[in-house]
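Visitor: Pasting in a structure now, in structure tokens, and then I'll have a few things to ask.
Residue numbers (my numbering), protein chains in the order written: chain A, 30 to 404; chain B, 340 to 1003.
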């Protein structure tokens, strides 16, 4: 309401700014040449002062006087008549239109661009209002304000850290967990939270730092399923599928039958098994490989690669297969075979073509090129 | 409520600007004094409303009211109070509001101080001023409303671009805008004169102070911006021929020409066409600068946001005002009466030469600035016109102009005596030659160009002193008379001398930095030393530091002079503004006299060292000090409230003491 009163007052004042001069001015306007004459007369007076001060010689002063005189004569010659002022009917119409235009234009535009219903929301006011009326963001900001003033309040950091995590402010969450651990000491919950926050901040990757936090949690509670699970996931992320699978299996063995973690662990193991990993031994193969001697294991892998090689000879239009074969040879250190596989793949896919080109790029990224060829 | 009041006040100001445009214009056409009288109060009321609006936005910033989109985008509750306030114009919307604030401020000044102006001229000037204001207010509402709201309001802002969080940037935009927009008054006067089809003594008397005021602010704004770039961007350059810098330099060049032209116009009623054209040109270049900077055509610090609709809108404003005024000029210029006559060798002639050089230089910079844009628009190729182009074109134009500067003030009005003036400049030339010799001796004769440049600077400075000495009659009259006459010299004479002296100072600084700068780069570990220009710099340590809204690594250096005495400490740092995760460099600068030792931290190396760049910048401060002296000259001249007339030299009899003839 107050806003509308202020707006109305402002509009009234603006209209008055137009109305008052129109009413007050007498219908008299001096001729323009009067102003010129005044300027020239001032110039003459100034000239005399300069002569008096000695900054200008009498000869030059004489010249200047003559020149000003000529200018005065010129405006006299122009003989512009005294500007008669008329207050015509058009004038009055325009004046009325102008005064009407101010409220119409301003209220019209404001109706489109303004948000009169929104009150101002200065931050300080929002933060000192009744907490019950605050949004979660405002509550967090209040807590932040408190912690800026008392940065050694470990309990505050402890409360804020998981809230940050839920709000998606992972970096802030990491800082808050670190502060809580520094001030309140390590605990399973805090270390777990820190590990999760670091991982979330890294886009889901369980980094070395996150692993360190999780391991500290395990030290405090060796059977903590969450820490165990995440550490196994870290192994899987690093491509150590065998170790990950083993970790999950041993975790599964230790879980009580009604544990809610069982499902997640089983799913993870299954997912690991079906992953078409390059060169793609199944979880069972890997488990079997674990039990084999080094020599046997090497033989098994060789057999698998040879199988892939044979399959591609029978069915050479498999672009992805060629990539896998090249990769396998690179992993086994058989670079000549890798180059040979690349050559055969390129021939089979037919150059120039999109699959051939991407196979070539794929190989080049792994250091395999057709040596001695035109490329 | 305060925010919406500000918003409403701005809308009301727009309505008043429309009235201010239309009503006095009709009044001047029909000779209706009542209608003409509306212009002044409308301008003053419009200014008051924009002040209210600007105050409302500032209040929103100070109170961190994030329900205002503009505040949320450009502020942060932890920002220091100073930068909360300067953040108001540290963004596109706010800076346009500042632009309009200054525009209406000048409109109000015209209304206040133009009581003795002919009524029709006054009405027309205020009308054009109103039209410019209305155009920019419409632009604000259509594309960049600073009062747009967000509901629900976010709890924290996104912070201001960190490199704008600096005291230099707090001052630079207002100064620059005072300059840019100040020229709008000259423009309005020019267009009003063209509408009336006549240009008279009162007109000239009125345009000069406005030009001078705008020029002073623009000089200050450019110098400030250059100094900011020098210390904040971290590579120690003070001028890059960057299109945005050129955008401010263009109106300065043509504004300088306008300034000189207006003097002739006031004193001798000559150069009317020049003055009109330059007034139109200067403001057009200011608008062009706004367009280049605000439209996002150029990517730089200044292009706060790239929104094509804004660019198009400003382009339309640009075309309307430039096209309109130039067409009016083409229609009406021939009907203006010719003013005082003069011979080619005279003060007027010298000023025409000055105008020719300055406008050609303006054109050169304009081409260098716009050419890459045109090429990109037509062919899509990205080319860059850099320093080499400007060095090859701009410098050869400016050097002869600078050589001619000391001649100008010594020539008599109407008909001058070049040989006589040359004779009186013998001493000055001698001094300049001596400076060249000393410079050659100092730098072992290898830097001939540097020596010549220093000679040019000394020539300018001594020329300004000579001008004063001759006008006071030192050497011709007794000491007591000379002192009395020196004190009695008009302020405008001091103003001229000061401004020309400042030009010399700036030239000296530029020449010194370009030719005598020393640069060293090294990877340093704590304890390492580096020697540059006789100073030995020792790297002490790198330590973390936490500011209000940033964290930084401070590199601490101690430096010693040639004799091994400890002179002082330099702290150079790399800052990270946490809200935007944006790093900046804070150069460490130690001032020795007018020279500076400039230390900038680079990236850390793998083995624990850090890349350190050290520059010795001889006389670098003179570049900006010269600007300050030029501003002082302008101010002194502005304070000279006399009505002025240039006393012409007599035709037949030789003037006994030409020095006095030249006195104003």
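All C-beta atoms in this analysis are idealised placements derived from N, C-alpha and C, irrespective of residue type, glycine included. These numbers come from a predicted model, not from an experiment.
Tell me where the beta strand (DSSP E) around residue 929 of chain B begins and ends.
Guide: Mapped onto the second chain, residue 929 of chain B falls at position 590. Unbroken beta strand (DSSP E) run through residue 929 of chain B: 927-931.
Visitor: Span of the alpha helix (DSSP H) holding residue 860 of chain B?
Guide: On the second chain, residue 860 of chain B is found 521 positions in, with the first residue counted as 1. Careful: residue 860 of chain B lies outside any alpha helix (DSSP H), inside the beta strand (DSSP E) at 857-863.
Visitor: Go through its chain and collect everything with a Cβ distance to residue 186 of chain A's Cβ below 7 Å, but skip five positions before and after it.
Guide: As a working note, residue 186 of chain A is residue 157 in the first chain. Taken in chain order, the residues that qualify are 176, 205, 208, 209 and 212.
Visitor: Less than 8 Å separating the beta-carbons of residue 652 of chain B and residue 531 of chain B?
Guide: The count along the second chain starts at 1 and reaches residue 652 of chain B at position 313. The count along the second chain starts at 1 and reaches residue 531 of chain B at position 192. Against a cut-off of 8 Å, the Cβ pair of residue 531 of chain B and residue 652 of chain B comes out as no contact.
Visitor: Report the option in B/859, B/977, B/883 and B/387 whose CA atom is closest to the CA atom of residue 875 of chain B.
Guide: In the second chain, counting from the first residue as 1, residue 875 of chain B sits at position 536. Taking only the C-alpha atoms, the option nearest residue 875 of chain B is B/859.
Visitor: Examine the Cβ distances between the stretch 804-813 of chain B and the stretch 515-528 of chain B and report whether three or more of them are shorter than 8 Å.
Guide: These segments do not touch.
Visitor: When burial is assigned at 16 or more other CB atoms within 10 Å of the CB, is residue 1059 of chain B buried or exposed?
Guide: The requested residue 1059 of chain B is not part of the displayed model; chain B covers only 340 to 1003.
Visitor: Can you list, in chain order, the residues of its chain whose CB lies under 8 Å from that of residue 846 of chain B, leaving out five sequence neighbours each side?
Guide: Residue 846 of chain B sits at position 507 when you count from the first residue of the second chain. Cβ within range, chain order: 741, 792, 795, 796, 799 and 965.
Visitor: If you count every other CB in all the chains shown that lies within 10 Å of the CB of residue 882 of chain B, and 16 or more means buried, which is it?
Guide: As a position in the second chain, residue 882 of chain B is number 543, starting the count at 1. Exposed, since its Cβ has fewer than 16 Cβ neighbours within 10 Å.
Visitor: If the cut is a Cβ gap below 7 Å, which residues of chain B does residue 151 of chain A touch?
Guide: As a position in the first chain, residue 151 of chain A is number 122, starting the count at 1. Correct list: 402, 403 and 404.
Visitor: Helix, strand or coil for residue 340 of chain A per DSSP?
Guide: Along the first chain, read from residue 1 onward, the residue named residue 340 of chain A stands at position 311. DSSP places residue 340 of chain A in helix when its eight states are reduced to three.
Visitor: For the stretch 813-837 of chain B, which residues have a CB atom closer than 9 Å to at least one CB atom of chain A, in sequence order?
Guide: Per Cβ criterion, the list reads 820, 823, 824, 827, 828, 829 and 832.
Visitor: Can you tell me which of the three DSSP states residue 257 of chain A falls into?
Guide: Within the first chain, numbered from 1, the residue matching residue 257 of chain A stands at position 228. The answer is helix: DSSP assigns residue 257 of chain A an H, G or I state.
Visitor: If distances are taken between C-alpha atoms only, which option among A/77, A/128 and A/382 comes closest to residue 49 of chain A?
Guide: Sequence index remark: in the first chain, residue 49 of chain A carries index 20 (1-based). Among A/77, A/128 and A/382, the Cα nearest to that of residue 49 of chain A is on A/128.
Visitor: So, at 6 Å on beta carbons, what are the nonlocal neighbours of residue 463 of chain B in its own chain, with the 5 sequence-adjacent residues on each side left out?
Guide: Against the second chain, residue 463 of chain B aligns to sequence position 124. Taken in chain order, the residues that qualify are 367, 531 and 534.
Visitor: Is residue 534 of chain B close to chain A, meaning its C-beta is less than 8 Å from at least one C-beta of that chain?
Guide: Translated into positions along the second chain, residue 534 of chain B becomes position 195. Judged by the 8 Å Cβ criterion, residue 534 of chain B is not in contact with chain A.
Visitor: Under 8 Å between beta-carbons, which chain B residues line up against residue 139 of chain A? List them in chain order, please.
Guide: Numbered from 1 along the first chain, position 110 holds the residue referred to as residue 139 of chain A. Neighbours of residue 139 of chain A on chain B, chain order: 346, 347 and 350.
Visitor: When you compare only the Cα positions, how much space is there between residue 608 of chain B and residue 543 of chain B?
Guide: Locating residue 608 of chain B in the second chain gives position 269, counting from the first residue. Locating residue 543 of chain B in the second chain gives position 204, counting from the first residue. C-alpha separation (whole angstroms): 8 Å.
Visitor: Can you tell me the Cα-Cα spacing of residue 34 of chain A and residue 354 of chain B, whole angstroms?
Guide: Residue numbering aside, residue 34 of chain A sits at position 5 when the first chain is read from its first letter. Residue numbering aside, residue 354 of chain B sits at position 15 when the second chain is read from its first letter. Cα to Cα, the separation comes out at about 19 Å.
Visitor: Below 8 Å on the Cβ atoms is my contact criterion, and I expect residue 547 of chain B with residue 602 of chain B to pass it. Report the Cβ-Cβ distance as a whole number of Å.
Guide: As a position in the second chain, residue 547 of chain B is number 208, starting the count at 1. As a position in the second chain, residue 602 of chain B is number 263, starting the count at 1. Indeed, because the Cβ distance is near 7 Å, the residues count as touching under 8 Å.
Visitor: Name the one or two DSSP bridge partners that residue 876 of chain B has.
Guide: In the second chain, counting from the first residue as 1, residue 876 of chain B sits at position 537. In DSSP, residue 876 of chain B forms a bridge with B/869 and B/898.
Visitor: Can you check the stretch 589-615 of chain B for any alpha helix (DSSP H) of at least 4 residues that lies completely inside it and give the ranges in chain order?
Guide: Counting only runs of 4 or more, we get nothing.
Visitor: Give the DSSP-derived three-state secondary structure of residue 921 of chain B in the structure shown.
Guide: The residue you call residue 921 of chain B lines up with position 582 of the second chain. Residue 921 of chain B: strand per DSSP, three-state reduction.
Visitor: Around the Cβ of residue 516 of chain B, are there at least 16 other Cβ atoms within 10 angstroms (buried) or fewer (exposed)?
Guide: In the second chain, the residue the question calls residue 516 of chain B occupies position 177. Buried, since its Cβ has 16 or more Cβ neighbours within 10 Å.
Visitor: For residue 364 of chain B, I'd like the list of residues in its chain whose CB is within less than 6 Å of its CB, leaving aside the five on either flank, ordered along the chain.
Guide: Here residue 364 of chain B refers to the residue found at position 25 when the second chain is read from its first residue. Once the five neighbours on either side are set aside, the close Cβ partners of residue 364 of chain B are 466.
Visitor: Tell me whether residue 810 of chain B sits in a helix, a strand or coil according to DSSP, three-state version.
Guide: One-based indexing of the second chain puts residue 810 of chain B at position 471. Note: residue 810 of chain B maps to helix in three-state DSSP.
Visitor: Give the DSSP-derived three-state secondary structure of residue 998 of chain B in the structure shown.
Guide: For the purposes of this step, residue 998 of chain B is identified with residue 659 of the second chain, where counting begins at 1. Reliability fails at residue 998 of chain B, whose pLDDT of 38 lies under 50, so the model's placement of it is uncertain and the value that follows must be treated cautiously. It is helical.
Visitor: Does the CB of residue 65 of chain A have a neighbour CB from chain B at under 8 Å?
Guide: Reading the first chain from its first residue, position 36 is the one you call residue 65 of chain A. For residue 65 of chain A, the answer is yes, since a Cβ of chain B falls inside 8 Å of its Cβ.
Visitor: How far does the alpha helix (DSSP H) with residue 210 of chain A in it extend, from its first residue to its last?
Guide: Locating residue 210 of chain A in the first chain gives position 181, where the first residue counts as 1. Unbroken alpha helix (DSSP H) run through residue 210 of chain A: 199-213.
Visitor: Under a three-way DSSP split, which group does residue 890 of chain B fall into?
Guide: Within the second chain, numbered from 1, the residue matching residue 890 of chain B stands at position 551. Strand at residue 890 of chain B.
Visitor: Do the CB positions of residue 404 of chain B and residue 151 of chain A come within less than 8 Å of each other?
Guide: By one-based count along the second chain, residue 404 of chain B stands at place 65. By one-based count along the first chain, residue 151 of chain A stands at place 122. It is a contact, given that the beta carbons lie within the stated cut-off.
Visitor: Whole angstroms is fine: what's the gap from residue 692 of chain B's alpha carbon to residue 672 of chain B's?
Guide: Here the question's residue 692 of chain B lines up with position 353 in the second chain. Here the question's residue 672 of chain B lines up with position 333 in the second chain. Distance between the alpha carbons of residue 692 of chain B and residue 672 of chain B is about 21 Å.
Visitor: Report the start-end ranges of each alpha helix (DSSP H) in the stretch 405-448 of chain B that is 4 residues or longer and not cut off at the edges.
Guide: If we require 4 residues or more, the alpha helix (DSSP H) runs fully inside the stretch 405-448 of chain B come out as 408-413 and 420-425.
Visitor: Taking contact to mean at least 3 C-beta pairs separated by less than 8 Å, is the stretch 579-591 of chain B in contact with the stretch 626-634 of chain B?
Guide: Enough Cβ pairs lie closer than 8 Å, so yes.
Visitor: For chain A, check one thing: does any of its Cβ atoms lie closer than 8 Å to the Cβ of residue 409 of chain B?
Guide: Within the second chain, numbered from 1, the residue matching residue 409 of chain B stands at position 70. Residue 409 of chain B does not count as touching chain A.
Visitor: Could you tell me which uninterrupted alpha helix (DSSP H) segments, each at least 4 residues in length, are contained entirely in the stretch 70-158 of chain A, listed from first to last along the chain?
Guide: Qualifying alpha helix (DSSP H) stretches, in chain order: 87-107, 118-142 and 152-157.
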